[in-house]
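Single-structure report; data block below.
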Amino acid sequence: MRARQRKSPGHPKKEAGARKGFRISIAAVAINTMNDDAQEATSLASLASDPHARVMVFIDGQNSYKSCQRLFGEPHVNPRLLALHLAGPRTVNRVACRFYTGRPNPNIPGEGTKAQRLDRRLEAIRKSGVTVVMRPLRYHWDWGHRESLPRPEAGAPSQTVTLSPWQRPQEKGIDVVMALDVIDFVLTGVCDVAIVCSLDRDLAEIPGALYKLARVVTRPFRLEAAVPVAGGEAIKTMRGFKYTHQITPEVFNLVRDATRYDVPEGDWVLPVLPTELPGPSS
Numbered sequence: 081m082r083a084r085q086r087k088s089p090g091h092p093k094k095e096a097g098a099r100k101g102f103r104i105s106i107a108a109v110a111i112n113t114m115n116d117d118a119q120e121a122t123s124l125a126s127l128a129s130d131p132h133a134r135v136m137v138f139i140d141g142q143n144s145y146k147s148c149q150r151l152f153g154e155p156h157v158n159p160r161l162l163a164l165h166l167a168g169p170r171t172v173n174r175v176a177c178r179f180y181t182g183r184p185n186p187n188i189p190g191e192g193t194k195a196q197r198l199d200r201r202l203e204a205i206r207k208s209g210v211t212v213v214m215r216p217l218r219y220h221w222d223w224g225h226r227e228s229l230p231r232p233e234a235g236a237p238s239q240t241v242t243l244s245p246w247q248r249p250q251e252k253g254i255d256v257v258m259a260l261d262v263i264d265f266v267l268t269g270v271c272d273v274a275i276v277c278s279l280d281r282d283l284a285e286i287p288g289a290l291y292k293l294a295r296v297v298t299r300p301f302r303l304e305a306a307v308p309v310a311g312g313e314a315i316k317t318m319r320g321f322k323y324t325h326q327i328t329p330e331v332f333n334l335v336r337d338a339t340r341y342d343v344p345e346g347d348w349v350l351p352v353l354p355t356e357l358p359g360p361s362s
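In this note's numbering, the protein residues as written are 81 to 362.
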C-alpha cells in the first residue's frame with residue numbers, strides 16, 4: 081500500500097493570499113501617506129494667499145530703525161501699516177503685530193532725551209493696536225568719539241579722532257524673546273503665518289528649530305521674513321524662510337511714520353497713527 085503524502089503545514093495558497101494582502105496594505109498605506117503629504121503641501125501653499133490665514137508680524141524695532149535710516153534716510157515705519165502690507169490678502173482675521181525694542185536708561189547722562197522720544201513713539205504704536213515688547217538696554221564703559229567718520233572702505237583716508245570714555249548702550253535679549261515668541265505662537269496654534277521683520281541673521285535659527293518640532297504641530301504653518309532693501313538692490317533672502325518680502329523705498333513710503341517725536345515737551349501732542357493702508361487712489 082502506498083503511503084499517503086502529508087500536506088505541507090504551510091498551506092501555500094493561504095500564504096500567497098496573505099502576502100498579497102500584505103502587499104496591498106503596504107500600497108494602501110503608501111498611497112494614503114502620499115495623499116496626506118500632497119494635502120499638507122497644498123494647505124501650506126494656500127497659506128501664502130488664503131484670506132482666512134491668521135497672520136502675525138514680528139518687528140525688530142532697533143534693527144528696523146537702523147536699516148531704514150541707512151537705506152531711506154528716515155528711521156521710522158508705522159508697524160501697523162507694515163503688518164497689513166506684508167499680510168496682503170490674508171486679512172479676514174485681524175493681522176496681529178508685535179514690536180520689539182530696547183529702552184534707554186533715562187538716569188544715564190545723555191539717555192534721558194532718547195528715552196523720552198522712544199516712550200512717545202511706543203505710546204502712539206500701542207494706541208494703533210500693536211503689542212510692544214520692551215527690554216531695558218544694558219550699558220558698559222567703552223572708548224568713543226564724537227567726530228563723524230567716512231564709510232570704511234578700501235582707499236578711505238586715515239582719520240584722527242579724540243577718544244573719551246562713555247557708557248555704550250547694548251540691546252540684550254530682544255532677539256531671544258522674539259524668537260521664542262514666534263516658536264510659541266506657531267506651536268500653540270495662535271497663528272498660521274509668522275512674518276519676521278529683521279536683518280538679524282541670528283533669527284535665521286527660527287525655521288530650523290520649528291521644523292525640528294514639526295511632528296508636534298498638527299497643522300500646516302508658514303514662516304516668512306521681511307527685510308529693507310535699497311532701490312535697485314538685488315533681492316535679499318533670509319535662510320530657511322519660505323518667502324522674504326522686500327521692503328523697497330516704494331514700500332517704505334507707503335508705511336513710513338513721519339511723526340516728529342523730538343518736539344519740545346510743550347508742543348508734544350500724541351498722534352493718532354493711521355491703521356489702514358491708503359487706497360489705490362490715495
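Glycine included, every Cβ here is placed at the ideal spot set by N, Cα and C.
- Beta-carbon to beta-carbon, residue 139 and residue 164 are separated by about 13 Å, too far to satisfy the 8 Å threshold.
- In the three-state reduction of the DSSP assignment, residue 324 falls in the strand class, which pools E and B.
- Around the C-beta of residue 180, 16 or more other C-beta atoms lie within 10 Å, and the residue is accordingly described as buried.
- Three or more pairs of CB atoms, one per stretch, sit closer than 8 Å, so the region 177 to 192 contacts the region 237 to 256.
- Where residue 214 is concerned, there is no enclosing alpha helix (DSSP H), although the beta strand (DSSP E) around it starts and stops at 211 to 216.
- For residue 278, no alpha helix (DSSP H) run applies, since DSSP gives it neither H nor E.
- For the pair residue 322 and residue 303, the CB atoms are nearer than the 8 Å cut-off.
- In this structure, residue 203 lies near residue 350, with their beta-carbon atoms less than 8 Å apart.
- Per DSSP, reduced to three states, the secondary structure at residue 351 is coil, with no helix or strand assignment.
- Residue 200 is classed as buried because its beta carbon has at least 16 other beta carbons within 10 Å across all chains shown.
- In the DSSP assignment, residue 254 falls within the alpha helix (DSSP H) that extends over 254 to 267.
- In the DSSP assignment, residue 307 falls outside any alpha helix (DSSP H) and lies within the beta strand (DSSP E) extending over 302 to 308.
- The DSSP-derived three-state label of residue 178 is strand.
- Straight across, the Cα-Cα distance linking residue 225 with residue 218 is about 20 Å.
- Inter-residue distance for residue 308 and residue 238 is about 31 Å (C-alpha atoms, whole angstroms).
- Put simply, the region 143 to 158 does not touch the region 126 to 133. Fewer than three CB pairs are less than 8 Å apart.
- Straight through space, the alpha carbons of residue 231 and residue 269 are spaced by roughly 45 Å.
- With respect to residue 284, residue 136 sits apart: the two C-beta atoms are not nearer than 8 Å.
- Just measuring C-alpha positions, the residue of 189, 166, 276 and 126 sitting nearest residue 334 is 166.
- The beta carbon of residue 341 sits closer than 6 Å to the beta carbons of 197, 200 and 201 from its chain, once the five residues preceding and following it are set aside; these are given in chain order.
- Counting along the chain, the unbroken beta strand (DSSP E) around residue 140 starts and ends at 135 to 140.
- For residue 219, the beta-bridge partners assigned by DSSP are 249.
- Less than 8 Å divides the Cβ of residue 353 from the Cβ of residue 337.
- As DSSP reads the structure, residue 336 sits in a beta bridge with 157.
- DSSP places residue 206 in the uninterrupted alpha helix (DSSP H) bounded by 192 to 207.
- In this structure, the alpha-carbon of residue 125 lies about 47 Å from that of residue 348.
- About 6 Å separates the beta carbon of residue 247 from that of residue 188, a gap short enough to meet the 8 Å contact definition.
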